[in-house]
Every structure is written in C-alpha cells, then in structure tokens.
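Numbering (the working numbering), first residue to last: 40 to 284.
In this text, a Cβ means the ideal position worked out from N, Cα and C, and glycines have one as well.
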C-alpha cells in the first residue's frame, strides 16, 4: 500500500493503525468499506457497500496486483457519507468524548435532547466525528464574526439594518417551533423584498460566524430566542468583537 505520493505509507503520512483512525473519528463501516476498495472494485463500479455485501462479493481473484494508493481525502469523503446516514443517538455517543475534551459538557454527560439536536444539525458538515469540535462550536462558545474578509463584507451590507431590525422585532413574538420558524424564514424574501443572499448570509454569519452551515431553522431553534436576538443585536449595533452566550 502506497501514499498518494507513491512512497511507502508511513507515520509521516498520518495515522498507521486502525485504532488511530478510530480516535480521529472515522466510523468502522467507512474504514472497512474504503479498505475493501483498495485494489478491488465491483463489476458495477459501486463505491458504497454494507459489510455483508463486501463479504459476499469480495474475491482475491478480483484484486489488482498493482500497489494500492491510500488517499486520506477519499477516506474522509466516504466517512462523510456514512456520518450523514448514521442515527443521531449513535453519532452523539461517539461525539461525546470530543465535546467533553473541549469542556463544552461535563465528563459524565449523556446525549440530551439538546445534544441530539446539535448532532442532527451539523452532521452534514462533518467528515470525521472529531469535526464536531469545529462545526458545533457556535452552539457552545463565543463566535468571531469578522474572522474572514468575507464575513466583514457580509456584515457591512447596507441592507443589514433593515434585515436585523425586522428580525429582532418579529422574533420577539414568534413561537419557536420548527413549523413556525420555517414559515417565518421562508417569508423573509417577499416581506423584505431582498434576495435570499442578502438576508440569509448575514443571518448565518451573525448566528454561527459563517455563511455556510446547518439549516437556519435548526440553528435558531438550538440557540433559542434570547441568544438569537442577542447575536442579531450585535450585528445591528456593529459590535463584532464576539458574541456572548
């Protein structure tokens, strides 16, 4: 097995044992699937298989004799697929050690409804389970609103005063349920007569420090009314140094 640079796979290329990949946040089914495809492929060129399917289909006669190339990026891509499909309860249990290490939760914490909601919201943005420490950070920590030039540009839009003034006023009286929030968010373009980009990008940056991420409804419901309004007020008042929880 060779590294992408076609040299012998070694520690300088990253983890070299199954245990290390587990500690990095790779799911066993993703690693099993990926390793089976190194030097072997099915007749229909499929890439995703259950363990049972691989055991049934795999034969040594079908293995390519040329050295296999171990591509960590391809493994991450495959792991992302499996993470997006895994149930929230299991993913939350696997993510607990990473959240505990960040001191977001206590050492004896279990998967509360809030943690399950967070995992459900962010798993589509995770390549490894350890990515929880990046994608879930806005739900636990202060966020740096102006960490990128793109964020600064978005937060300086002249339309922001109209957008955030409206949001802060209307959110005071809206019921924080999935149905009501979806309805409210979907109404913003027609009510404000602005493009989605002019509305939703500033909202996301204000709430999680990035224009990309989980669904807005999920972000808002997890943060709750007080924190959402506080973060919107930060932008309206141009207080970009940090957002307190």
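Less than 8 Å between the beta carbons of residue i and residue j, yes or no?
i	j	result
residue 107	residue 184	no
residue 68	residue 121	yes
residue 133	residue 148	no
residue 104	residue 73	no
residue 267	residue 199	no
residue 66	residue 158	no
residue 81	residue 96	yes
residue 64	residue 123	no
residue 79	residue 102	yes
residue 76	residue 178	no
Is it buried or exposed for residue i, if we count other Cβ within 10 angstroms and need 16 for buried?
i	result
residue 249	buried
residue 271	buried
residue 90	exposed
residue 282	The predicted position of residue 282 is uncertain, since its pLDDT is 43 and thus under 50; a value taken from the coordinates is nonetheless stated next. Buried: at least 16 other Cβ atoms inside 10 Å.
residue 87	exposed
residue 94	exposed
residue 83	exposed
residue 170	buried
residue 131	buried
residue 118	buried
Assuming residue i contacts residue j (C-beta within less than 8 Å), just tell me the rounded distance between them.
i	j	result
residue 182	residue 137	The Cβ separation is near 19 Å, so there is no contact.
residue 215	residue 260	6 Å
residue 172	residue 141	5 Å
residue 258	residue 160	7 Å
residue 238	residue 231	6 Å
Hey, could you find the ends of the alpha helix (DSSP H) residue i is sitting in?
i	result
residue 255	255-275
residue 131	127-140
residue 218	217-231
residue 237	235-247
residue 75	67-75
residue 89	Unbroken run through residue 89: none, as it is neither H nor E.
residue 166	Unbroken run through residue 166: none, as it is neither H nor E.
residue 171	171-174
residue 210	199-210
residue 114	111-124
residue 193	188-194
residue 153	152-161
residue 78	First-last for residue 78: undefined, no H or E at that position.
residue 100	Neither: residue 100 is in no alpha helix (DSSP H) and is coded neither H nor E.
residue 181	Looking at the DSSP string, residue 181 is not in any alpha helix (DSSP H), and its letter there is neither H nor E.
residue 62	57-63
Can you tell which of the options has its C-alpha closest to the C-alpha of residue i?
i	options	result
residue 175	239, 220, 118, 253	253
residue 208	264, 240, 56	264
residue 227	192, 84, 202, 262	202
residue 61	223, 166, 224, 205	166
residue 277	115, 195, 161, 144	195
residue 187	233, 71, 247, 221	247
residue 206	178, 150, 243	243
residue 129	118, 155, 143	155
residue 236	220, 193, 222, 70	193
residue 190	241, 111, 85	241
residue 291	58, 210, 219	Residue 291 falls outside the range modelled here, since the chain spans only 40 to 284, and no answer is possible.
residue 111	70, 143, 139, 85	70
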